[in-house]
Every structure is written in C-alpha cells, then in structure tokens.
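Take a look at the structure below.
Protein chains: 2
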Amino acid sequence: MAKSIGVVLFGCGNVGLTVGKRLQDCAASHAKRYGLRFDLRAIVDSRGALFDAEALANLGAIADFKQQGNSLAQHAQGVSTSEDIAQHLEPLASSGNIFVDCTATDRISGQLIEAIQRGAGVVFANKKVLTGDWSTFQQLTGPDVTGRCRFESSVGAGSPFVAAVSRVAAAGDAVHRIQGTFSGTLGFITAGLDKGRSLSELVREAYDLGYTEPDPRDDLSGMDVARKALILARVCGWSLEMSDVDVQGLYPASLSDVSVADFLARIGELDADIAAQQEAAAKEDCVLRYVAEAGPQGCQVGLRPVPRSSPIGALSGTDNILNVHSDIYSSTPLVIQGSGAGADITAAGVVADMVEIAVARFP
Amino acid sequence: MAKSIGVVLFGCGNVGLTVGKRLQDCAASHAKRYGLRFDLRAIVDSRGALFDAEALANLGAIADFKQQGNSLAQHAQGVSTSEDIAQHLEPLASSGNIFVDCTATDRISGQLIEAIQRGAGVVFANKKVLTGDWSTFQQLTGPDVTGRCRFESSVGAGSPFVAAVSRVAAAGDAVHRIQGTFSGTLGFITAGLDKGRSLSELVREAYDLGYTEPDPRDDLSGMDVARKALILARVCGWSLEMSDVDVQGLYPASLSDVSVADFLARIGELDADIAAQQEAAAKEDCVLRYVAEAGPQGCQVGLRPVPRSSPIGALSGTDNILNVHSDIYSSTPLVIQGSGAGADITAAGVVADMVEIAVARFP
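Which chain is which? The protein sequence lines are Y and X, in order. Numbered per this note's numbering, the first sequence spans residues 292 to 654. Numbered per this note's numbering, the second sequence spans residues 292 to 654.
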C-alpha cells in the first residue's frame, strides 16, 4: 500500500504542468520503488487556484484552459479570492504534503516558509525566495527543517549541482571555490560566438527559438546566473547576499529601458565590442563564456575568456557545468555537467527532490 | 542541543579510521548545520571489537595499535569472542544508529541486513554485500528501508555517481545506458599507456606507489570495476547479477595462480599485446581506457579504444567519470567526474551518506 503525499503546485506554466504530468507518468515506478503515491491536491496561479479533485485529474484540460489566456480564477471549479485560497491551503501546510514553487515571484515566500515551519516539504524551481536575505535562506535550510526544503532545479535545471555541493558540505570538506556556467541560453549564445556568428544574430535566434525569457534582457543581464551562483555559494555555507555578487551584464544601461522590440532592433550596437573580445580571446586560444565564480568572500558573474580546451571552453549547446574545488577535491575538481535548460529536465529535478523529501522526512 | 547518532564502524583499516577521524573533525560543522552529533560506539575488525568509550576516543592510539599488526581482540579494552561482540552490537542495531561497513568481506552481510531491518542506518564503502544476489540488494534498498542504506563510496570513491543516478531514477527518467571508468588505479595505468609507457612498467610503479591492492591482480582482473558497474546498474533499476557482467581482465589465466612476486616479474609478457592495441587505437586518434558500460540487459567491462578528444579519452591521473544516457539526458549525457581513489575522498563519501541518513531518517 503506497503512502500518499499531497502536492500543492504553485505556478501553472510549462514547468509546473510538466511536473504534474511527470508525477502522473511516474505513479507506477514511485509506488514500486519507494512505496509512494503523489496526489495533486491544488494548483495555484497568480490570480486563482483549483482544489477540485476531478478538475485536477485532467492536466491536459488545465493546460488548454491556461493556453487560452485564462487564469484559474476563471475556471468553472476555480477559487478566486485570496481568503478562499488561503482557507483551502491552510490544512495542506502540514507533514506529509509538499508545496512546489514553479513560479518566478517572491510574493508567496511567507506562505512557503509557514508551510515548512508547519512540517510540510517545499521544493523550489524558483530562485527568488532562495536569493532573499541570508536569514530567510537559513529559515528554509537550517537544522530544524533540513531535508524538508530542496531546490535542485533552481540551479542548472535538473543536473545535480545542488546535490553534489550539499554532499561536499555534509562531508565537512571545505570548499574554496566553485566555478561554472549556469545558463543554457547564454551557453547557446557563447558557443555560437565561437563559430564567428554575431551577438545580435544569436540573441535574435535564441529569442525566436523560445530559449530566452520573453524579455531577453532577463538572460543577458546576468541576474539569472547571479541568483544561481548565490544559491550554490549559500549551499557551500557562505553567508553571502545578492549585494556580494558582482554582475557584469551583456548590454549597457542605455538599452535597459527601451521596449523588447527596440532592444532586439538595437542589440547590433554591441556586436563590434563582443567581436573584438572574441578575437582577442581567440589569439590566446581561448573562447568567451559567461562564467560564474564564487568563493567565501563573494561571487563574480560575467563574460570571460577561458581556454578552448578546458571543460568550460569545450561546452556546446545548452549544457551547464560546475567545478568544485575543495580541500579534498584539490588536485582536480569535482565536475558535474548536464543540460541546463528545458521544462522536462527542470521538472525531473523537481520530482527527484519530491521523492527525496518524501522518502526522507515523512515516516 | 545536537541529536546524537551512534556509530558502529566495521573495518579498522585506512578508510575506516579516516571515517572516524573525519567525524571528529566535523563535529562543530555537523552540530551547527544539521543539529547532529556522531558518537562512535564501536569499532569491529575481523577478530575483535572495541566498545570502550575512552579507548574509542583516541583513534590515533588505535591506528598505532593496528599498525603494529595487532587485532582489536588483543587490545586491553578489546572484546574477542563472537558471542561477546554480538551481545554488545545487538542493542546498537536500532533506529538512531548507523553501521558503517569499511571492510572488504561479505561475511557480515547478515548482521548488516538485520541492523537495517531493525531500524538502523547502514553505509557501505564495501562492494561485496551490494553485489550479492539481487534479492539481497532489494532487502537493502527496497521501499521498506529506502533512505536508510547508502553506498556512495562503494563506487568511484566519494564522487556522487550513486547520488546522481539515484536522482535520475527518482525522477522516473528511463536510463538507457551508463558508461564510465571506475578505477583510479586503471586510470593511472591507461593514462600512462597514452604516453608510450609499457604496461609492466606502469603496473610496477602503481604497485610501488601503493595505488594497487596488495595483489595487483585484484585491480587488473577488472572484478573491482565489474562490481562497481553492477551496483550502478542496480541503482538504475536493472535486476542484474554478477553473472550478467562480462569482465575482460588484463592478464591471461596462466598468470592467475602464480605468486605476486612472480606475477610482477612476468607481467612484461603482456607488454607487446597491449602496445599493439595502443598503436592500433592511436591510428584512429583513440586511446585505451578500461571502460565499464551497462544497460538493462547486462554490463561489459574491459579495455577499449575511445576517442582521444572524448571526456573519457581526456582523463588523466586517477579521476573517474560517469556518463548517464536517459530519456531526458538524450542529446548529451549527464556527466560526473571526480577523483576515484584515496582514503580521504572515500571517507568523505561515507560521511556525507551518514549525514543524509541521519537528517532523513532519524526524527
């Protein structure tokens, strides 16, 4: 008899719905291997929520309904006032249930912290709550709740970066430095620069392929990579804040406030500068990569020349990579490499986190 | 107030004592980060055991005592009869305590299975018990005990191979094939072949440096790699047995039964054949690596030509690597690379496993 784990899904976009779908698809293997059954109890979007079991069973219909531009508040079985939503959510915030944050907001951080304090598990694909102040991070990951909060997919999609660094920390091994690339989108763009293509051409292609955020500056600003670097640094035990991250974006302040269409029209202004950097790097047998580097004192995030033959230099496609240098991994680093983008792989990381919490913390 | 976890250490060699030392060194970080304190309650070797708290506190003295060729049975505070040892161990086989197997025997498998069934955690650096029959593996890792048995250091020292594959399996992702190198010793030897050195020279050097087992055939037979491949295959969910592993050793049957000294004297007989394989590989821009490959139908382990520019071909030193190809990691594999040998890194993997069990399973 499989143990039932209630699931509350915040965020009803591509990742959220892929998590729901994957849980349905894995039902047999989760029951057989872990004696677990995940039961979806709620989906919450920015304006409403669904708690009706019959409606929740048909994820395809929910996806279609959302695709048509609707909020769950408008759904026939939807709940729309925040009071009603809170009332339905309250009994779910308890041991044996897992709240999954697939949003891109930090407005629900209070709700999630309360849920974890009341015994629920919380899994984040979202980076926002984890990159608030250090004391909030501690509330989520400190000794009282250790093991009930997981967030693999907040960094590097589902590749086990967080899991690997967590193990190094658990072994009491002192990490000196971590280094890596944490953006599938910027990986695609910098690998394209290797082939002599222009930045503007690559950004427009990435935009058209849907690799970038709706506003490509959300990728090109480096803020997404900066948040990921901060999360990994905190897992190393370094009490850093966002203000300790030196972020060098790929576009100047003059392009910050124009519309997306204007930005895409004007990004060619950057081509000459990037091409010059690329050429200088090539002379040293290097390529440009958007690299994050972190140590106990802070993080730096920006475009860097790296040796063409190094693991980071050899990256192509949307793969991400992480190198961990520590007391024990001293002569050569611990290296993790895997696909850094895509709803499937992000959802897989979320589901692995859910299984680990359920196996670990809900007897 | 830190939660106390009792520790029973089987095996009193380099790895076992390094685990004990690491637990002492990590005491402050384990208390602060996880609210945990590991208390060593027993060390057991092949002929005796120590349960005396004062004696156990001085690991340096125990190391010296063992170094002089003594068994714990001969220790002033030692316990020597198996009845006495069993009587002391019985109350420790319960929830809140962890048994750690740093031996190279399968004689204690019954004891360890009983401990896990009675609620204790079990951590293996040893491969023997995990490569018994599939039903024993199921008893150790099935749904009733999931999360109380961990064995990262049985494969690839402490690099998170098992953790990574476990996460892929937990996400319900279907693994099609895993491939890698799982022996620091054979990595050292094959990387040396790249430089035109002879097999015999490299084996003698690895032996002199203490990289090989006391009988280097234990490495060169491929059995160690075969066991590691089988363990990872089982984590993928494939119900394989040792008889499903095709193991191609590096020496012929005619050298199986001679003494170690005779083996080292005669290993030059193999040089010409290996040099010919190396030369053929080089013509295809390949190098020789001792590769393990596994799929749902079985495992193959042996010396193979691999492209010089591939991640496995680029390996040097004692690093190990694992590639995971699955439904989700389809266009490029998930890759983990890290040092594959050494007591420090092996002990670190054991300690990370202990923390994860303690955080997860002992409320």
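Yeah, the Cβ is synthetic: ideal placement off N, Cα and C, and Gly gets one too. Just so it is clear, the structure is predicted and the values come from calculations on it, not from any experiment.
- Runs of beta strand (DSSP E) with 3 or more residues, each lying fully within the region 411-451 of chain Y, are found at 412-415, listed in chain order.
- The straight-line gap separating the alpha-carbon atoms of Y/ILE627 and X/GLY471 is approximately 14 angstroms.
- Within the model, the alpha-carbon separation for Y/ILE619 versus Y/VAL335 is close to 44 angstroms.
- Secondary structure of X/GLY401 (DSSP, three-state): helix.
- Taking 8 angstroms as the cut-off, the beta carbon of Y/PHE301 is found no closer than this to the beta carbon of Y/THR372.
- Residue pairing by DSSP places X/PHE390 opposite X/VAL299 and X/VAL413 in a beta bridge.
- Taking C-beta atoms as the reference points, X/CYS303 and X/LEU363 count as a pair closer than 8 angstroms.
- Taking a Cβ-Cβ threshold of 7 angstroms, the residues of chain X close to Y/CYS317 are GLY463, in chain order.
- Taking C-beta atoms as the reference points, Y/PHE342 and Y/VAL310 fail to come closer than 8 angstroms.
- The Cβ atoms of X/ASN614 and X/ILE404 do not sit closer than 8 angstroms to each other.
- Per DSSP, reduced to three states, the secondary structure at Y/LEU594 is strand.
- Between the alpha carbons of Y/ALA454 and X/THR623 lies a gap of roughly 20 angstroms.
- When the Cα atoms are used, Y/CYS440 and X/ARG595 turn out to be separated by approximately 43 angstroms.
- Within chain X, the residues ALA651 have their CB atoms less than 7 angstroms from the CB of Y/ARG652, given in chain order.
- With respect to chain Y, the C-beta atom of X/VAL626 has a partner C-beta closer than 8 angstroms.
- The DSSP assignment places complete beta strand (DSSP E) segments of no fewer than 3 residues inside the region 462-548 of chain Y at 466-472 and 536-538, in order along the chain.
- For the set X/GLU345, X/GLY608 and X/MET292, the Cα lying nearest the Cα of X/TYR502 is the one of X/GLY608.
- Listed along chain X, the residues sitting closer than 8 angstroms to Y/ASP610 by beta-carbon distance are THR623.
- Under DSSP, X/ALA333 forms a beta bridge with X/VAL299.
- In the three-state scheme derived from DSSP, where H, G and I count as helix and E and B as strand, X/ILE376 is classed as helix.
- By the Cβ criterion, the region 460-468 of chain Y is in contact with the region 312-328 of chain X, since at least three pairs of Cβ atoms, one from each stretch, lie closer than 8 angstroms.
- When DSSP states are grouped into helix, strand and coil, X/GLY339 belongs to the coil group.
- When C-alpha distances from X/ALA354 are compared across X/ILE399, X/LEU308, X/ASP375 and X/SER386, the shortest belongs to X/LEU308.
- In the DSSP annotation of this structure, X/HIS321 is not part of any beta strand (DSSP E); the continuous alpha helix (DSSP H) holding it starts and ends at 318-325.
- In the structure shown, Y/GLN569 adopts helical secondary structure according to DSSP, grouped into three states.
- When Cβ-Cβ separations below 8 angstroms define contact, Y/ILE480 makes no contact with chain X.
- At a cut-off of 8 angstroms between beta carbons, X/PRO598 makes no contact with chain Y.
- Leaving aside the five residues that flank X/VAL436 on each side, the residues in its chain whose CB is nearer than 6 angstroms to its CB run, in chain order, ILE407.
- Going by DSSP, Y/GLN588 is part of no alpha helix (DSSP H) at all; its letter is neither H nor E.
- For the C-beta of X/PRO451, the chain Y residues within less than 9 angstroms are, from N- to C-terminus, PRO451, ALA454, ALA455, ARG458, VAL459, LEU625 and ILE627.
- Boundaries of the alpha helix (DSSP H) harbouring X/GLY351: 350-358, taken from the DSSP string.
- What Y/TYR620 touches in chain X, judged by beta-carbon distance under 8 angstroms, is GLY629, SER630 and ILE636, going in chain order.
- Counting of Cβ neighbours within 10 angstroms places X/ALA552 among the exposed residues, the total staying below 16.
- Between X/SER489 and X/ALA566, the CB-CB gap stays under 8 angstroms.
- For Y/ASP635, the uninterrupted alpha helix (DSSP H) run begins and ends at 634-652, by DSSP.
- Only residues of its own chain outside the window of five on either side were considered, and among them GLY586, HIS616 and SER617 have a CB closer than 7 angstroms to the CB of Y/HIS467, listed in chain order.
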